[in-house]
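Colleague: Quick one: the structure is below, and I'll ask about it shortly.
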């Protein structure tokens with residue numbers, strides 16, 4: 014079993030992915046963006062011409078997902094993100110991807126001493142026994158603004174109003190779905206990044222992780 018598992022959950026564009034990657038690099042742990050699994054499933058659902066609301070079809074795609082494809086830049090597109098929000102609400106899709114996530118957490122690749130997983134339900138469902146649980150959030154306006162800036166940096170015109178509306182709709186789906194709804198674990202530390210830049214958010218998160226890890230007797234943090 015890995016000696017240190019860090020769960021980083023939160024809504025879209027709250028900054029959890031950036032934090033998780035930086036924490037993993039700082040602490041020399043393996044990192045898994047669990048959202049990439051759902052985005053990859055969404056990409057393959059689109060490629061196969063399957064309707065996102067087709068739970069059985071989406072679950073079949075998820076069951077044969079190739080983890081080697083998780084670095085595909087196409088996963089970051091808005092179209093894939095919208096479909097990912099739909100397919101991730103299917104209990105059968107979530108069940109198909111659960112074992113992969115748990116195996117990564119408790120048997121991290123490369124001989125790492127632990128793992129950092131970020132997503133929507135890591136602390137509540139995937140790794141309820143995680144050493145440290147962070148719930149990273151921000152106001153929907155702040156998150157939409159971050160996403161607009163990301164899209165603008167990638168090139169092309171961006172409809173800020175549409176991005177905000179999509180963010181609100183995604184939050185609604187994520188928090189209201191029956192399977193693993195987005196919510197902080199009862200023992201998670203909530204970190205609001207609305208007024209923080211990337212470095213400030215990282216320092217705050219690292220301090221929380223080190224304090225929780227010491228309490229749990231994990232000296233490597």
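In this note's numbering, the protein residues as written are 14 to 234. Glycine included, every Cβ here is placed at the ideal spot set by N, Cα and C. Every value quoted in this text rests on a predicted model; they were computed, and no experiment measured them.
What does a CB cutoff of less than 6 Å around residue 23 pick up in its chain, not counting 5 residues either side in sequence?
Modeller: 29, 148, 149 and 150
Colleague: Can you give me the Cβ contacts of residue 72 inside the same chain, cut-off strictly under 6 Å, excluding the 5 residues immediately before and after it?
Modeller: 105, 106 and 109
Colleague: With a threshold of 16 other CB atoms inside 10 Å of the CB of residue 181, please say whether the residue is buried or exposed.
Modeller: The Cβ neighbour count for residue 181, taken over all protein chains shown within 10 Å, is under 16; the residue is labelled exposed.
Colleague: What residue range does the beta strand (DSSP E) around residue 147 cover?
Modeller: 145 to 150
Colleague: Compare the C-alpha of residue 37 against each of 55, 17 and 48 and name the closest.
Modeller: 17
Colleague: Check whether the Cβ atoms of residue 98 and residue 53 lie closer than 7 Å to each other.
Modeller: Not a contact, by the Cβ cut-off of 7 Å.
Colleague: Going by DSSP in three states, residue 171 sits in which element: helix, strand or coil?
Modeller: coil
Colleague: Under three-state DSSP, which class holds residue 26?
Modeller: coil
Colleague: By the three-class DSSP mapping on this structure, what secondary structure does residue 210 have?
Modeller: coil
Colleague: Can you check whether the CB of residue 129 is closer than 7 Å to the CB of residue 221?
Modeller: no
Colleague: Quick one: residues in its chain with C-beta nearer than 7 Å to the C-beta of residue 39, no 5 flanking neighbours on either side, listed in chain order?
Modeller: So the qualifying residues of the chain are 219.
Colleague: Helix or strand or just coil, what does DSSP make of residue 42?
Modeller: coil
Colleague: What's the C-alpha gap between residue 14 and residue 100?
Modeller: Model confidence at residue 14 stands at a pLDDT of 46, short of 50, so the residue's coordinates are unreliable; what they give is reported in the following sentence. Their Cα atoms are separated by approximately 30 Å.
Colleague: With a 10 Å radius around its C-beta and 16 neighbouring C-beta atoms as the bar for buried, classify residue 4 as buried or exposed.
Modeller: In the structure as shown, the chain starts at 14 and stops at 234, and residue 4 therefore has no counterpart that could be examined.
Colleague: Terminal residues of the continuous beta strand (DSSP E) containing residue 123?
Modeller: Note, residue 123: premise wrong, no beta strand (DSSP E); not H, not E.
Colleague: In chain order, what residues of the same chain lie with their CB nearer than 6 Å to the CB of residue 207, ignoring the 5 residues before and after it?
Modeller: 151, 152 and 155
Colleague: Whole angstroms is fine: what's the gap from residue 45's alpha carbon to residue 122's?
Modeller: 10 Å
Colleague: Of the residues 49, 48, 211 and 70, which one's Cα is nearest the Cα of residue 58?
Modeller: 70
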